[in-house]
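S.K.: Mapping of the sequence shown onto the working numbering: position 142 corresponds to residue 148, and the numbering continues sequentially without gaps.
Right, I'll just put the structure down here and ask away after.
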Amino acid sequence: MRVLILHQHFNTPAKGGPLRSYYLAQSLVDFGFEPVVLTIHNEDRYRIENLNGIEIHYLPIPYDNSFSFFKRSVSFLRYVIAVIQMSTKLRHIKICYAISTPLTVGLAALYVKRRWRIPYIFEVGDLWPDAPIDLGYVKNILLKKSLLNLEKKIYQNASSIVALSTAIKETIERKVAGKKMHLIPNMADVDYYKPVSKPAELIKKFEVEGKFVITYCGALGAANGLEHILRCALESQEHNLPAKFLICGEGAVKVSLMERASQMQLQNVSFIPFQTREGVRDILNVSDAVMISYKPFAVLETGSPNKYFDGLAAGKMIITNFGGWIGKEIQEERCGIVIDQKLQSEFPRLIQPFIENSSLLVEYQQASRKLAQAKYARRKLSERFVEAIQEVLSR
């Protein structure tokens, strides 16, 4: 049975980046389904490949995290048009699984439903258009109203909705009461990421001998508020803490962030280019803690960032600069700490106990791994996803 997956930002293990949609597609294969993925790439031509039973169609539509908001919006709309065109060539599709962001993928799902009478499930990993509206990217009143109406229409026409966090689920339930909802957070790949002693060759490679290593792996975008990490690094340097900050990724603010680190004369920060999954694992294997950062907007606290689950799976202490459900969880589970963005001066005091007391650090790291295995293990959540697909098909 063929399942259409619409995800503009589909990644594979070889490519790197967030792999949730790949895991979902692989779980469909494991349960006897035939997933068909429509995604994009930065090449000039359309390409199709079969990867471990997953049929992947790459549409030639440029996209990069460094694009302006307008340029990204153009890419989003081009994807919708391309999906509509491709849908005429696909046969025997029984259900569509549409993954946002962006919200505009819902337009393609709506077309598939109305034109081909194929039901769709809509996945929500970030609240759109709430996020770009709250962050000031969308200011026009008519555009705001149009996007909010589109959001509601997409939700109403979905056979069910998958939310990646409780906060997202509760928000959607307030917008469309009575809609069938599934809570399926991002996944911790506990079979791939595992706690290990720091390998000597990686310590040498990343120049972290004798250091307490704090890692950020992910998008270097404006919404991530990464200047906060630099301020924490500055406080650590001024207090002579043996902390090393590794910032890995690409994005719109990378150049300005590197320039700012140079201006601040930070000797304890290293920037690492975007890595494949294997490269990310190497970085995590020399890390003591994983840092997650966002600008101080409530809407950003509702998300389900991949870096959190990779850190849990690898058995790393978690450090965040925001509250929300993640801040609450890491404090309740005693696997991490929350740093107030207005009080960076407190960072040395909060992190020093973990530098000085290895037993305390190990306690928090073990709690992270335990949480990953008990609540977010990939296999467990993959089964929940397949059940959501089967539930719609059985109607």
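Beta carbons: idealized from backbone N, C-alpha and C, even for Gly.
If you're wondering where the values come from, they're calculated on a predicted model, not measured in any experiment.
Are residue 220 and residue 295 touching if we call contact CB-CB under 8 Å?
M.R.: Taking the sequence shown and counting its residues from 1, one reaches residue 220 at position 214. Taking the sequence shown and counting its residues from 1, one reaches residue 295 at position 289. The answer is yes: Cβ separation under 8 Å.
S.K.: Taking its Cβ as the centre, do 16 or more other Cβ atoms sit within 10 Å of residue 202, making it buried, or is it exposed?
M.R.: As a working note, residue 202 is residue 196 in the sequence shown. With fewer than 16 Cβ atoms within 10 Å of its Cβ, residue 202 is classed as exposed.
S.K.: Identify every residue that forms a DSSP beta bridge with residue 364.
M.R.: Walking along the sequence shown from the start, residue 364 turns up at place 358. Its beta-bridge partners do not exist; DSSP assigns none.
S.K.: Can you grab the Cα-Cα spacing for the pair residue 47 / residue 216, in whole Å?
M.R.: Here residue 47 corresponds to residue number 41 of the sequence shown, with the count starting at 1. Here residue 216 corresponds to residue number 210 of the sequence shown, with the count starting at 1. Taking the straight line joining both Cα atoms gives about 41 Å.
S.K.: Please list the terminal residues of the continuous alpha helix (DSSP H) segment that includes residue 114.
M.R.: Position 108 of the sequence shown, counting from 1, holds the residue named residue 114. Counting along the chain, the alpha helix (DSSP H) containing residue 114 begins and ends at 111-122.
S.K.: Only counting runs of 4 or more residues, tell me where the alpha helix (DSSP H) segments fall wholly within the region 256-318, in order along the chain.
M.R.: Qualifying alpha helix (DSSP H) stretches, in chain order: 260-269, 283-291.
S.K.: Report the three-state DSSP secondary structure of residue 166 (helix, strand or coil).
M.R.: On the sequence shown, position 160 is the one that residue 166 refers to. Three-state result, residue 166: strand.
S.K.: Between residue 324 and residue 395, what straight-line distance do the alpha-carbon atoms span, to the nearest angstrom?
M.R.: Position 318 of the sequence shown, counted from the start, is the residue given in the question as residue 324. Position 389 of the sequence shown, counted from the start, is the residue given in the question as residue 395. The straight-line gap from Cα to Cα measures roughly 33 Å.
S.K.: Taking a contact to mean a Cβ-Cβ separation below 8 Å, would you say residue 208 touches residue 257 in this structure?
M.R.: The sequence position of residue 208 within the sequence shown is 202, counting from 1. The sequence position of residue 257 within the sequence shown is 251, counting from 1. Contact: no.
S.K.: Between residue 246 and chain D, is there a C-beta pair that is closer than 8 Å?
M.R.: Judged by its chain identifiers, the structure shown contains no chain D, having just a single protein chain.
S.K.: Once the 5 residues before and after residue 39 are set aside, which same chain residues still bring their CB inside 6 Å of it?
M.R.: Working through the sequence shown from its first residue, we reach residue 39 at position 33. Hits under 6 Å: 7, 9.
S.K.: Please report how far the alpha carbon of residue 138 lies from the alpha carbon of residue 299, in whole angstroms.
M.R.: On the sequence shown, position 132 is the one that residue 138 refers to. On the sequence shown, position 293 is the one that residue 299 refers to. So the alpha carbons of these two residues sit roughly 17 Å apart.
S.K.: Would DSSP call residue 187 helix, strand or coil?
M.R.: Counted from its first residue, the sequence shown places residue 187 at position 181. Correct three-state label for residue 187: strand.
S.K.: Should residue 281 and residue 238 be called a contact, given that it needs their Cβ atoms to be closer than 8 Å?
M.R.: Counted from its first residue, the sequence shown places residue 281 at position 275. Counted from its first residue, the sequence shown places residue 238 at position 232. It is not a contact, given that the beta carbons lie outside the stated cut-off.
S.K.: Tell me the start and end of each unbroken alpha helix (DSSP H) in the region 209-258 that is at least 4 residues and wholly inside, in chain order.
M.R.: Fully enclosed alpha helix (DSSP H) runs of 4 or longer: 233-244.
S.K.: Leaving out five residues on either side along the sequence, give the residues of the same chain with a beta carbon under 7 Å from the beta carbon of residue 13.
M.R.: The count along the sequence shown starts at 1 and reaches residue 13 at position 7. So the list reads 27, 43, 45, 105, once near-sequence residues are dropped.
S.K.: So what does DSSP say about residue 320, is it helix, strand or coil?
M.R.: Within the sequence shown, the letter at position 314 stands for residue 320. Of the three classes helix, strand and coil, the one that applies to residue 320 here is coil, per DSSP.
S.K.: If residue 270 sits next to residue 236, beta carbons under 8 Å apart, how far is it from one beta carbon to the other, in whole angstroms?
M.R.: What you label residue 270 is simply residue 264 of the sequence shown in a count that begins at 1. What you label residue 236 is simply residue 230 of the sequence shown in a count that begins at 1. Right, their Cβ atoms sit about 6 Å apart.
S.K.: DSSP three-state label for residue 198, please.
M.R.: Taking the sequence shown and counting its residues from 1, the one referred to as residue 198 is at position 192. Residue 198: coil per DSSP, three-state reduction.
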